[in-house]
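K.L.:
Protein sequences appear in the order of chains L and Y. To convert, count from 1 in the first sequence and add 19; that's our numbering. To convert, count from 1 in the second sequence and add 9; that's our numbering. Note that the Cβ used here is the ideal one computed from N, Cα and C, for glycine as well. Quick one: the structure is below, questions incoming.
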Amino acid sequence: MSLRRFVSMLTAGSAFVAVVLSLFPSTASAVPLYARQTGQKCVACHVGGVYPLLTSFGRMFKLTGYTMGDRPNLNELEVQKDAPPISIMLQGARQYYANTSNGLNGAAPGSAMDMQVLSLFAGGKITDNIGAFIQWTGQKYGDTQTGSQWTSASGIDNTEVRYADRILGPDSDLVYGVYVNNRSTMSDVWNTTENWSNVFVGFFNGGNAQAPVTFLDSAATQHGMVGVGAYAFKDNTWYGEMAVYKSVTHGPATFLLTAGTTGMPLIDPSPYVRLAYNKEMGPHSFELGIHGMVSYAHNGTADSGGISDWAGTVNTYRDVALDGQYQYVLEPHYFAVHGRFSHENASFAADQVGSAVSNPTNILNETYLDATYVYKAKYGAMLMYQGVTGSTDALLNPMGPAGSPDWKAWTPQIFWAPWQNVRIGYQYVFYTQMGGTTGGNLNFGGTTYSPHDFNTSMLYASFIY
Amino acid sequence: MTRISKILTLSALALAVGACANVDRSRNLGNPQVSGYTLAQQVCSTCHGGNGINANGTALNPTFPNLAGQQAIYLETELQEFHDHSRRDAAAQDMMWGLTRQLTPEQIKALAEFYAHQKPLPNPAQGDPVAVAAGQKLFIEGAPERSVPACATCHGARAEGNGPVPRLAGQHADYLYKQLMAFNDDVGRENHPEAQERPHAVVMEGIAHGLTDEQKRQVADYLQSLQ
């Protein structure tokens with residue numbers, strides 16, 4: 020969903036780097052090329068047409084490998100007849116920053132109007148059993164700052180290829196498959212996991228306000244590693260999945276990685292596990308699940324060529340998350356709530372303690388909640404909450420007075436979709452706690468701020484075709 | 010060297026396996042070789058349930074009409090109308106037009122036969138008893154004061170349908186209500202076929218026009234409660 024969405028806490032060695040790197044989630048993906056493949060409107064797969072929220076049918080479309088529809092198999096394509104399976108997404112916005120005087124927003128003026136994100140999608144059905152989701156994203160404001168300017172960035176975004184099959188009996192239904200992708204949790208079909216929750220609309224806030232995140236939610240797990248996984252979904256009820264992720268530094272699989280991921284850690288083989296219970300009754304659907312990953316990340320010295328070497332010591336992150344969702348889908352009312360509670364145990368290599376982190380082990384808890392209502396697939400409102408609590412660590416969290424990672428932010432939004440391909444919205448991000456403080460004693464480069472100094476609002480329009 | 014040739018062989022194999030169609034378990038709506046039965050399983054079941062009425066024992070989302078035990082002729086007509094875009098209420102356009110755009114007459118016939126032979130089941134949703142009673146009266150007697158004939162004369166005493174007249178018993182009230190609205194949607198332009206969402210339902214247009222919104226809800230609630 021996002022290109023380097025959150026600055027990783029792995030770059031903790033340099034608090035300043037963490038300040039400079041930007042929070043810039045790109046909009047997630049409703050992919051009209053899929054709609055062209057099935058001939059349906061967005062509402063068939065997305066709750067009230069709001070991507071990336073998936074309906075029951077959307078979940079099945081994905082789990083059966085994006086193969087449903089009338090696109091011919093690869094070997095039967097006719098160049099004249101079959102439209103190329105490509106989609107485009109553009110997002111522009113006018114943003115308003117609460118704080119413009121501190122210089123931390125780069126050269127941010129009080130407000131700015133921009134074309135921010137351009138994404139290209141390719142994929143869909145390749146054969147009766149194989150399909151793909153391929154995303155490339157360019158963004159005006161990338162992760163790094165040159166002087167007071169944010170450098171633009173582009174590169175591969177979430178990408179996966181699946182092989183899937185579905186076996187139905189009179190009273191049984193088994194969907195199973197395997198995949199290769201470049202982002203843990205992107206394989207998931209509920210909007211509760213790290214890749215599919217969080218901010219649904221990209222915004223740029225000058226890189227100041229990034230919540231500390233678990234490893235599973237961090238930039239390191241986004242297009243910095245390649246995973247191979249297998250899953251099964253039984254009777255639309257029980258879902259199980261297992262995958263292994265690893266960084267690659269050479270060979271064809273590096274095609275799946277963001278180029279020039281300076282500072283991204285190299286990851287040793289790390290297992291990901293997912294279990295979920297899904298229940299659908301009339302217009303209601305419920306999901307309750309658990310997922311987790313144990314990640315082994317090298318403390319490489321980032322080299323200029325991009326990915327660093329494998330020599331560094333290894334930090335271990337044990338992430339477990341409980342997640343749940345409820346949906347009500349019946350024209351004209353669409354409603355969805357999602358929640359996730361993540362718990363992380365991080366153990367740092369001995370050479371990190373005292374330089375990058377203060378403690379040999381840390382705990383981090385993430386809470387994510389959102390609720391969305393859409394009327395007639397046209398008018399909608401959304402409220403999102405993100406909260407973090409965790410171990411006090413002065414080196415890792417230098418922002419607050421006591422090294423606390425505690426953090427709270429609320430993001431209300433209203434939007435209007437005059438046509439299914441266009442969404443116009445207004446969103447406000449309120450920061451109520453940062454670095455464990457709610458008052459005016461946040462420290463950035465010697466100047467003090469309050470969390471609300473970072474509030475950002477945005478009027479945006481996104482177009483997807 | 011051996012490693013490279015291994016990789017090459019494996020990828021060639023993978024491509025060969027992948028490229029060949031898997032007609033028995035295909036979700037390809039554009040391949041005439043895929044049987045109606047396979048499509049019913051692999052595609053339609055996702056919304057209409059494996060047996061056209063429920064999925065793993067739970068009721069379908071009322072967005073998706075029950076198809077089990079529906080009249081074969083009616084099913085065939087509707088699929089044809091989705092295919093040629095003459096049935097054009099919003100939900101039909103959103104979900105059914107695309108799925109049927111390449112279906113062959115043989116596939117349509119097989120799909121219609123498949124659902125006609127599935128066993129209808131009682132709808133677990135419960136309507137308001139007062140509305141159900143009022144709906145029953147409408148169904149059996151019509152609303153003579155508004156020139157609305159009794160529904161039972163065409164749809165059958167138990168709303169089981171007959172040939173081109175659809176079965177309504179046990180259907181989701183929400184779906185039935187939306188259809189009754191669709192029949193006379195463009196009020197004031199009743200006699201313009203292009204303005205109608207279900208232009209082939211000529212008889213239903215006048216009937217739906219005669220019913221008040223409340224009566225539409227009542228009769229829908231009653232029909233849902235029938236087995």
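1) Residues of chain A with a CB under 7 Å from the CB of Val62 of chain L: which are they?
2) Are the beta-carbon atoms of Thr57 of chain L and Gly84 of chain L separated by less than 8 Å?
3) Give me the Cα-Cα distance between Gly324 of chain L and Gly188 of chain L, rounded to the nearest whole angstrom.
4) Nearest-angstrom Cα distance between Ala340 of chain L and Ser481 of chain L?
5) Against chain Y, does Pro302 of chain L count as a neighbour if the rule is that its beta carbon must be under 8 Å from one of theirs?
6) Between which two residues does the alpha helix (DSSP H) holding Leu52 of chain L run?
7) What's the C-alpha gap between Gly179 of chain Y and Ser314 of chain L?
8) Check whether chain L comes within 8 Å of Thr55 of chain Y, counting only Cβ atoms and requiring the distance to be less than that.
9) Would you say Arg90 of chain L reaches chain Y, if we count a Cβ-Cβ gap shorter than 8 Å as a contact?
10) The beta strand (DSSP E) spanning Ile433 of chain L covers which residue range?
11) Here's the rule I'm using: 16 or more other beta-carbon atoms within 10 Å means buried, otherwise exposed. How should Asp472 of chain L be labelled?
12) Please state whether DSSP places Thr380 of chain L in a helix, a strand or coil.
13) Compare the C-beta of Gly39 of chain Y with all C-beta atoms of chain L and state if any pair is closer than 8 Å.
14) Compare the C-beta of Asp93 of chain Y against all C-beta atoms of chain L and say whether one is closer than 8 Å.
15) So which residues on chain L does Leu108 of chain Y lean against when the C-beta distance must stay under 8 Å?
16) Cβ of Ala251 of chain L less than 8 Å from any chain Y Cβ?
17) Which same chain residues, not among the five before or five after Cys56 of chain Y, have their C-beta less than 6 Å away from its C-beta?
18) Grab me the residues of Arg442 of chain L's own chain with a C-beta within less than 6 Å of its C-beta, minus the 5 sequence neighbours each way, in chain order.
19) Using CA atoms only, rank isn't needed, just tell me which of L:Leu415, L:Gln59, L:Ser366 and L:Leu193 is closest to Thr332 of chain L.
20) Which residue's Cα is closest to the Cα of Ala316 of chain L: L:Glu299, L:Ala251, L:Arg55 and L:Gly243?
21) So what's Trp329 of chain L in DSSP terms, helix, strand or just coil?
22) If you count every other CB in all the chains shown that lies within 10 Å of the CB of Ser106 of chain L, and 16 or more means buried, which is it?
23) According to the Cβ coordinates, are Ile153 of chain L and Leu93 of chain L closer than 8 Å?
24) Taking C-beta pairs closer than 7 Å, name the residues in chain L that Gly59 of chain Y reaches, listed in chain order.
25) What do you get for Tyr231 of chain Y, buried or exposed, if any count of 16 or more other CB atoms within 10 angstroms of its CB means buried?
26) For Leu48 of chain Y, does the three-state DSSP call read helix, strand or coil?
27) At a cut of 8 Å, does the segment 440 to 454 of chain L reach the segment 413 to 430 of chain L through at least three beta carbon pairs?
28) So with Cβ pairs under 8 Å, would you call Pro114 of chain Y a contact of chain L?
29) Using a 10 Å radius around the Cβ and a threshold of 16 neighbouring Cβ atoms, would you call Arg155 of chain Y buried or exposed?
30) According to DSSP, simplified to helix, strand and coil, what is Lys298 of chain L?
31) What do you reckon, is the C-beta of Gln180 of chain Y under 7 Å from a heavy atom of the ligand ADP?
32) Tell me which same chain residues have a C-beta within less than 6 Å of the C-beta of Arg185 of chain L, skipping the five on either side of it?
33) Going by other Cβ atoms of all chains shown within 10 Å of its Cβ, with 16 needed for buried, is Arg167 of chain Y buried or exposed?
34) Do Gly246 of chain L and Tyr258 of chain L have their C-beta atoms within less than 8 Å of each other?
35) Residues bridged to Ile153 of chain L by DSSP?
36) Using a Cβ cut-off of 8 Å (strictly closer), state whether Arg226 of chain Y contacts chain L.
P.N.:
On the basis of the supplied data:
1) In the structure shown, chain A cannot be found, because the protein chains are L and Y.
2) For the pair Thr57 of chain L and Gly84 of chain L, the CB atoms are not nearer than the 8 Å cut-off.
3) With a pLDDT of 42 at Gly324 of chain L, under the threshold of 50, the predicted position of this residue should be treated as unreliable, though the coordinate-derived value follows. Those two C-alpha atoms are separated by around 53 Å.
4) Straight-line Cα distance between these residues: approximately 31 Å.
5) Taking Cβ atoms only, chain Y reaches closer than 8 Å to Pro302 of chain L, which makes this a yes.
6) First-last of the alpha helix (DSSP H) with Leu52 of chain L: Pro51 to Thr57.
7) Here the C-alpha atom of Gly179 of chain Y lies approximately 52 Å from the C-alpha atom of Ser314 of chain L.
8) For Thr55 of chain Y, the answer is yes, since a Cβ of chain L falls inside 8 Å of its Cβ.
9) Yes, its Cβ sits closer than 8 Å to a Cβ of chain Y.
10) Residue range Trp426 to Trp438 is occupied by the beta strand (DSSP E) that includes Ile433 of chain L.
11) With 16 or more other Cβ atoms from the protein chains shown falling within 10 Å of its own Cβ, Asp472 of chain L counts as buried.
12) Residue state, collapsed to three classes: strand.
13) True, the Cβ-Cβ gap to chain L drops below 8 Å.
14) For Asp93 of chain Y, the answer is no, since every Cβ of chain L falls outside 8 Å of its Cβ.
15) Here the neighbours are Thr57, Gly58 and Gln59.
16) No, because no Cβ of chain Y sits closer than 8 Å to the Cβ of Ala251 of chain L.
17) Counting only Cβ-Cβ distances below 6 Å, and skipping sequence neighbours, we find Phe73.
18) Scanning its chain for C-beta atoms nearer than 6 Å, with the 5 sequence neighbours on each side dropped, one finds around Arg442 of chain L the residues Phe434, Ala436 and Ser481, in chain order.
19) Ranking L:Leu415, L:Gln59, L:Ser366 and L:Leu193 by Cα distance to Thr332 of chain L puts L:Ser366 first.
20) Cα-wise, what sits closest to Ala316 of chain L is L:Gly243.
21) Look at Trp329 of chain L here: in three-state DSSP terms it is coil, with no helix or strand label.
22) Burial is judged here by how many other beta carbons sit within 10 angstroms of a residue's own beta carbon; Ser106 of chain L has at least 16 and is buried.
23) In this structure, Leu93 of chain L does not lie closer than 8 Å to Ile153 of chain L by Cβ.
24) Per Cβ cutoff of 7 Å: Leu187 and Asp192.
25) A residue is called buried once 16 or more other Cβ atoms fall within 10 Å of its Cβ, and Tyr231 of chain Y is buried on that count.
26) The DSSP-derived three-state label of Leu48 of chain Y is helix.
27) When Cβ pairs closer than 8 Å are counted between the two stretches, the segment 440 to 454 of chain L is seen to touch the segment 413 to 430 of chain L, the count reaching three or more.
28) Cβ-Cβ to chain L under 8 Å: no for Pro114 of chain Y.
29) The residue in question, Arg155 of chain Y, is exposed, as its Cβ has fewer than 16 Cβ neighbours within 10 Å.
30) Three-state result, Lys298 of chain L: strand.
31) Of the ligands one can find in the structure shown there are none, so the ligand ADP has no counterpart to examine.
32) Annotation for Arg185 of chain L: Thr83 and Val194 place their beta carbon closer than 6 Å to its own, counting only its chain and skipping 5 residues before and after.
33) So Arg167 of chain Y ends up on the exposed side.
34) Contact flag unset, no.
35) Residue pairing by DSSP puts Ile153 of chain L in a beta bridge opposite L:Ala141 and L:Thr178.
36) With 8 Å as the cut-off, Arg226 of chain Y does not count as an interface residue toward chain L.
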